[in-house]
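Start counting the sequence shown at 30; every next residue gets the next number (the numbering used here). Cβ coordinates follow ideal geometry from the N, Cα and C atoms, glycine included. Below: the structure, in structure tokens.
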Amino acid sequence: MPDDTLIATSVGVYSAIPSPDLGDEYVHVQSSVRATACSAGDAADFGEVYDKRSHGLDGYEIIEWLADRPWSLDRIGLFGLSYSGMTSIRVASTQPPSLACVSANVIMGDLLRGRTFPGGVDNLAFDNWLNNLPTLWWDEESQDIIPEQEDPFCRQHRANRDPQAIIDQHPTWYRERTENDGYRRINFVEMAKQIKVPTYISVAWQDGQVGQRGGPTVYNALDPDPIHPGDFPGRRPPSPELRESPKFLRATNGVHGTAWRALGRDRDGRRWFDYWLRGKNTDIMQEAPVRLDFGMDTEDSHGTMSFDGFPASNTDWTRYYIAGDHELTTERPSTAGEETYTSSSPDYWYIDDLTDETLLSYWSTPFDDPRVIAGPITATLYLQSSAENTEMYVSLADVEPEDEAVTYLQRGMLRASHRELDDSQTLRNEAGEIIRPYHTMVNPTPIVPGELYRYDIEIFPLGHIIYPGHRLLVNIHAPPQEEGPDPARYWEYDPLDSGSENSLSYGGDTPSSILWPMLEWGSKRGNRGTSLPPEPACGEPDGYTCTEVTLPR
């Protein structure tokens, strides 16, 4: 590196991080960012974990060094999964001249809104995860890149490094509930705007480690230059209209590792790199730019649909109104009403007792035909509280026809004092409806007890099939203590839990509602997909939680 820092780099056909099935036609190069594993540097060099532009510049230097090797074709591709996926975005944003394409998988976008303080609600688990980094990176994974016993530099670098010093130098800005310079410097959505090469993104809708909103927001921020990878001897070139926007989003149900399995299922990684690095016509750019997988990791319920964007341009934005007495309806109630709950945190987000006074529950009538939910979701609530601040947590679920089993799908949350919207970044549909609210996170303002406010709550994006006979369920309550008995505990909250009385208004001039992105299954109006897959068992798809409940009557 220009500052003489030694970066541990392994060159060969082996990669410790799972990579696409590229075989021996490609050289795999794996590097550790400075001050981790076998690379040089101490706590000061590593600095503020994410907040280190040197990581991107180190990647720039490595790419150009590789392009200058005699065995290189002068076209380098970046692949990353999780943290290395985010590092790929950071490196690509520096625009190395020899970088030809990127595959960045299961990544964060906006750390503040997607992980540490979604909607202003404190996710304590991020701090716990950060404190485990020395064990995860500085010790266990060192051996994956260069075996310590085979490399004297690795032994020296690790001996000179104190993992506790890295913990001691952790930044403090990420503990702030408001936007600040630290958050702005590590916003991967903003970095994506600087990327000018073809980029592949994947996401899993129930991913607890990096969250769910990062992949789609990074994808939509990308604006790569139109490019042709080369000649295709004996084959027709890909269609120019898709090649004008060389980016791809693949999304699936599931957790952190599910998106990787989806990537390998159809050899997307191999086809992506073969196309952009070797000029092979793999047909990947003749496909629609967005593909959603449903029922991943089930016995026989896997299906896919492809779209022109995310959300799809032909989305049927369907508003379900809260009508009181547990009713969720597409008809706007003409009569106003009010229902009250006590703000007190449940243990987990998948609640089985829907009669408890600490929540409000509403469900739709059964669906006659299958419908696809594909896109961001917005809850608009009119609510007054007895306290000067309160928190709302909105969870969405799929109710089985027998009404005894519920699959929890997605959620969103908001602290009342963070209700202010940034209109310039709030996403709206053609009708002007808010489909993804964007809160400023800079001007927290208490509420007046007893006064009615409108709250637009971002519910993280989702891809899911509602089968005939199923119903939609919406729960409104305080944030749970944690989202499940997951030993990793990626989402643990520090809710206000004030015991305040929150009253939800509905109907009339205060139409509390949920706006859903609905589509028909199949090929109508340009959507392409496999045949409708058989209905999976409750909780069978990866990432889903099935809970036995009894709906109150």
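Asked: Where do the ends of the alpha helix (DSSP H) carrying Val503 lie?; Found: Looking at the DSSP string, Val503 is not in any alpha helix (DSSP H); the run it does join, the beta strand (DSSP E), is 500-506.
Asked: For Gly441 versus Glu487, is the C-beta distance shorter than 8 Å?; Found: yes
Asked: Alpha carbon to alpha carbon, what distance is there between Asp303 and Ala434?; Found: 45 Å
Asked: Can you grab the Cα-Cα spacing for the pair Thr369 / Pro318, in whole Å?; Found: 44 Å
Asked: Rounded to the nearest angstrom, what separates Tyr573 and Val56 at their Cα positions?; Found: 37 Å
Asked: Span of the beta strand (DSSP E) holding Trp378?; Found: Run containing Trp378: none; DSSP gives neither H nor E here.
Asked: Going by other Cβ atoms of all chains shown within 10 Å of its Cβ, with 16 needed for buried, is Pro524 buried or exposed?; Found: buried
Asked: Just how far apart, CA to CA, sit Met470 and Glu462?; Found: 21 Å
Asked: Hey, out of Thr394, Ser39, Trp545, whose CA is closest to Asp180's CA?; Found: Ser39
Asked: Quick one: grab the DSSP three-state call for Gln223.; Found: coil
Asked: Using a Cβ-Cβ distance cut-off of 8 Å, determine whether Tyr350 contacts chain C.; Found: This model lacks chain C altogether, as it is built from one protein chain only.
Asked: I need the DSSP call for Glu433, collapsed to helix, strand or coil.; Found: coil
Asked: Find the nearest neighbour of Asp326 within the set Glu356, Leu306, Pro362, Ala288, judged by alpha-carbon distance.; Found: Ala288
Asked: Under three-state DSSP, which class holds Leu412?; Found: strand
Asked: Please report how far the alpha carbon of Gln238 lies from the alpha carbon of Ala188, in whole angstroms.; Found: 30 Å
Asked: Would you grab the beta carbon distance between Tyr484 and Met421 for me? Rounded to a whole angstrom, and I think it's under 8 Å.; Found: 6 Å
Asked: Using 10 angstroms around the beta-carbon of Phe75, count the other beta-carbons present and answer buried if the total reaches 16, otherwise exposed.; Found: The predicted position of Phe75 is uncertain, since its pLDDT is 45 and thus under 50; no value can be drawn from it.
Asked: For a quick check, are the C-beta atoms of Pro375 and Pro490 less than 8 Å apart?; Found: no
Asked: Going by DSSP, name the residue or residues bridged to Gln439.; Found: Leu425
Asked: In whole angstroms, give me the CA-to-CA distance for Val135 and Ser534.; Found: 38 Å
Asked: Apart from the five residues on each side of it in sequence, which residues of its chain come closer than 6 Å, Cβ to Cβ, to Gly263?; Found: Any reading at Gly263 must be qualified, since the residue scores a pLDDT of 41, below 50, and its modelled position is unreliable; no value is offered.
Asked: Would you say Pro570 and Asn282 are within 8 Å of each other, going by their C-beta atoms?; Found: yes
Asked: Quick one, which of Trp378, Ala221, His493, Gly551 has its alpha-carbon nearest Arg506's?; Found: Rather than Arg, the amino acid found at residue 506 in this sequence is His. Checked all of Trp378, Ala221, His493, Gly551; the closest Cα to His506 is Trp378.
Asked: Measure the Cβ-Cβ separation of Gly240 and Arg144 and say whether it is below 8 Å.; Found: yes
Asked: DSSP state of Pro245, grouped into three classes?; Found: helix
Asked: Give the straight-line distance between the Cα atoms of Leu425 and Cys130, rounded to the nearest whole angstrom.; Found: 37 Å
Asked: Quick test of your reading: Leu140 and Tyr203, contact by CB under 8 Å. State the CB separation rounded to the nearest angstrom.; Found: 7 Å
Asked: By the three-class DSSP mapping on this structure, what secondary structure does Glu328 have?; Found: coil
Asked: When you compare each of Asp103, Phe339, Gly551 to Arg279 by their alpha carbons, which one comes out closest?; Found: Phe339
Asked: Could you please give the first and the last residue of the uninterrupted alpha helix (DSSP H) stretch that includes Phe182?; Found: 181-188
Asked: Per DSSP, which one or two residues make a beta bridge with His493?; Found: Ile402
Asked: Please name the residue in Tyr522, Leu501, Asn458 whose C-alpha comes closest to that of Pro508.; Found: Tyr522
Asked: Tell me whether Glu449 is buried or exposed, calling it buried when 16 or more other Cβ atoms sit within 10 Å of its Cβ.; Found: exposed
Asked: Helix, strand or coil: how does DSSP classify Phe217 here?; Found: helix
Asked: In the DSSP assignment, what are the bridge partners of Arg320?; Found: Arg279, Ser335
Asked: Exposed or buried, what is Lys276 when buried is set at 16 or more other beta-carbons lying within 10 Å of its beta-carbon?; Found: buried
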